[in-house]
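**Student:**
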Amino acid sequence: MNLKAIGDSSPFLDRRRISPIRRLKRRFLDKETPGPEILRPADKALDFSGFIFVCGLHRSGTTIVEHYIRAHFKVAGLRADVPESEGQHLQDVLPIARDHGGPGMFAFEPVMHLGAASEDEAAAARDRLLRCWTPFVDGVDGNDRILLEKSPPNLTRIEWLRSVFPGALFVIVARDPRVVSAATIKWAETSIYELMYHWHVAYSAALSAWGDDCVTVRYEDFCEDPKKMITDLEATGRLEKRETPLEIEERFASPVNSNAKYVASLRETEFGPGAWDQLGPWF
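In our numbering, the protein residues as written are 169 to 451.
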């Protein structure tokens, strides 16, 4: 099958291509899925000198990248009993992926794509986000005055985050879209082709917002040489390395590229042009 449609310039997937049953099921599940009941915004937000946002779809390697950055640089992170301690689940300012299709679907929703905020909106949003996140900040001391946050929807709202957090650094994690699609299908319950298109839409949004404040980390390169990412981030001049790295969770201690098993599970398919051409090559 040749997915020439993936080269379309339309910013969002034509909803007619998405299974009607899938849409109805997701709508029902979204209504039945409660939000976290742990929000307790602080009266006063912690003060940070800078911000790093890790951006990348589910199953792209964002969690391990976040842990490595946290371990090797003087930054504070978020830790809470929510999926992978993602900041999206610890605030009430921004729409979250779960409420708009979830993994493999959220980037199709226009509400998940945000442009730059006005000055007044940015100030209010920044204050509220930081007050929401403050109770969950882990590791703040005299040295860790930069806040590190990661959530998949960061991909589609870089311009907004840039306007709310001037001077922030964006670490965009990209993995072979075939692998991300194959690894996500168990959650999304849709087709590989729709998931590939979702990858294209999400990363196209990031590419359209690209700037000097963006750094790309390819999952495959990271697994081969994690130290290179640390070197590249240090070269930005925005981060200070720790004298002694923090201990990393055992599951992340030795990065392993598991792409092969996912690629092997897919039938041979020809994919048309897409955002992967700018972030790859993978195929």
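The beta-carbon is built from N, C-alpha and C at its ideal position, and this holds for glycine as well.
1. Based on Cα-Cα distance, which residue from Glu-418, Tyr-387 and Thr-324 lies nearest to Asn-425?
2. What is the rounded straight-line gap between the Cα of Glu-362 and the Cα of Glu-411?
3. At which residues does the beta strand (DSSP E) containing Leu-316 begin and terminate?
4. Out of Asp-215, Glu-205, Pro-320 and Tyr-236, point me to the one whose CA is closest to Glu-418's CA.
5. Report buried or exposed for Asn-170, applying the criterion of at least 16 other Cβ atoms within 10 angstroms of its Cβ.
6. Determine the closest residue to Ser-349 out of Glu-252, Arg-435 and Ala-377, with distance taken between C-alpha atoms.
7. In its own chain, which residues sit with a C-beta less than 7 Å from the C-beta of Ala-351, not counting the 5 before and 5 after it?
8. If distances are taken between C-alpha atoms only, which option among Gly-224, Ile-220 and Pro-209 comes closest to Tyr-371?
9. Does DSSP put Ala-342 in a helix, in a strand, or in coil?
10. Could you tell me if Arg-294 is buried or exposed, where buried requires 16 or more neighbouring beta carbons within 10 angstroms of its beta carbon?
11. Measure the C-alpha to C-alpha separation of Arg-191 and Pro-263 and round it to an integer number of angstroms.
12. Should Ile-206 go down as buried or exposed, given a rule of 16 or more other Cβ atoms within 10 Å for buried?
13. So for Trp-432, helix, strand or coil by DSSP?
14. Give the secondary structure of Arg-247 by DSSP, where H, G and I count as helix, E and B as strand, and everything else as coil.
15. Please check the pair Ala-285 and Leu-323, which I expect to be a contact at CB under 8 Å, by giving their CB distance rounded to whole angstroms.
16. List the whole-angstrom C-beta distance separating Leu-246 from Trp-328, where the pair is believed to meet the contact cut-off of C-beta under 8 Å.
17. Answer yes or no: do Val-341 and Val-305 have a C-beta to C-beta separation smaller than 8 Å?
18. Thinking C-alpha only, which one of Gly-335, Pro-251 and Ala-428 is nearest Gly-379?
19. For Phe-420, name the three-state secondary structure that DSSP assigns.
20. Over what stretch of residues does the alpha helix (DSSP H) that includes Phe-390 continue unbroken?
**Tutor:** According to the data block:
1. The residue you call residue 425 lines up with position 257 of the sequence shown. Comparing Cα positions, the closest option is Tyr-387.
2. Locating residue 362 in the sequence shown gives position 194, where the first residue counts as 1. Locating residue 411 in the sequence shown gives position 243, where the first residue counts as 1. Distance between the alpha carbons of Glu-362 and Glu-411: 45 Å.
3. Numbered from its first residue, the sequence shown carries residue 316 at position 148. Per DSSP, Leu-316 belongs to the beta strand (DSSP E) from 314-318.
4. Taking the sequence shown and counting its residues from 1, the one referred to as residue 418 is at position 250. Nearest of Asp-215, Glu-205, Pro-320 and Tyr-236 to Glu-418, Cα basis: Tyr-236.
5. Stepping through the sequence shown from its first residue, residue 170 is reached at position 2. Residue placement at Asn-170 is poorly supported in this model, since its pLDDT is 36, which falls under 50; the coordinates still yield a value, given next. Under this definition Asn-170 is an exposed residue.
6. In the sequence shown, residue 349 corresponds to position 181, counting from 1. Each of Glu-252, Arg-435 and Ala-377 was checked against the Cα of Ser-349, and the nearest Cα belongs to Arg-435.
7. Start at 1 with the first residue of the sequence shown, and residue 351 comes out as number 183. Around Ala-351: Arg-227 and Tyr-430.
8. Translated into positions along the sequence shown, residue 371 becomes position 203. It is Gly-224.
9. Counting from one through the sequence shown, the residue named residue 342 turns up at place 174. Strand at Ala-342.
10. Taking the sequence shown and counting its residues from 1, the one referred to as residue 294 is at position 126. Arg-294 should be labelled buried.
11. Taking the first residue of the sequence shown as position 1, residue 191 is located at position 23. Taking the first residue of the sequence shown as position 1, residue 263 is located at position 95. Bear in mind that a pLDDT of 47 at Arg-191, under 50, signals an unreliable position, so the number given afterwards is only what the model happens to contain. Between Arg-191 and Pro-263, the C-alpha separation is close to 18 Å.
12. For the purposes of this step, residue 206 is taken as residue 38 along the sequence shown, with counting starting at 1. So Ile-206 counts as exposed.
13. In the sequence shown, residue 432 corresponds to position 264, counting from 1. According to the sequence shown, residue 432 is Ala rather than Trp. Helix at Ala-432.
14. Taking the first residue of the sequence shown as position 1, residue 247 is located at position 79. Three-state result, Arg-247: coil.
15. Working through the sequence shown from its first residue, we reach residue 285 at position 117. Working through the sequence shown from its first residue, we reach residue 323 at position 155. Here Ala-285 is actually not in contact with Leu-323; their C-beta atoms are around 17 Å apart, not less than 8 Å.
16. The residue given as residue 246 occupies position 78 in the sequence shown. The residue given as residue 328 occupies position 160 in the sequence shown. Their Cβ separation, rounded to whole angstroms, is 19 Å, which puts Leu-246 and Trp-328 out of contact at 8 Å.
17. Position 173 of the sequence shown holds residue 341. Position 137 of the sequence shown holds residue 305. No, the pair does not count as a contact, with Cβ atoms beyond the cut-off.
18. Counted from its first residue, the sequence shown places residue 379 at position 211. The shortest Cα separation from Gly-379 among Gly-335, Pro-251 and Ala-428 belongs to Gly-335.
19. Here residue 420 corresponds to residue number 252 of the sequence shown, with the count starting at 1. Reduced to three states, the DSSP call for Phe-420 is helix.
20. Here residue 390 refers to the residue found at position 222 when the sequence shown is read from its first residue. Unbroken alpha helix (DSSP H) run through Phe-390: 387-392.
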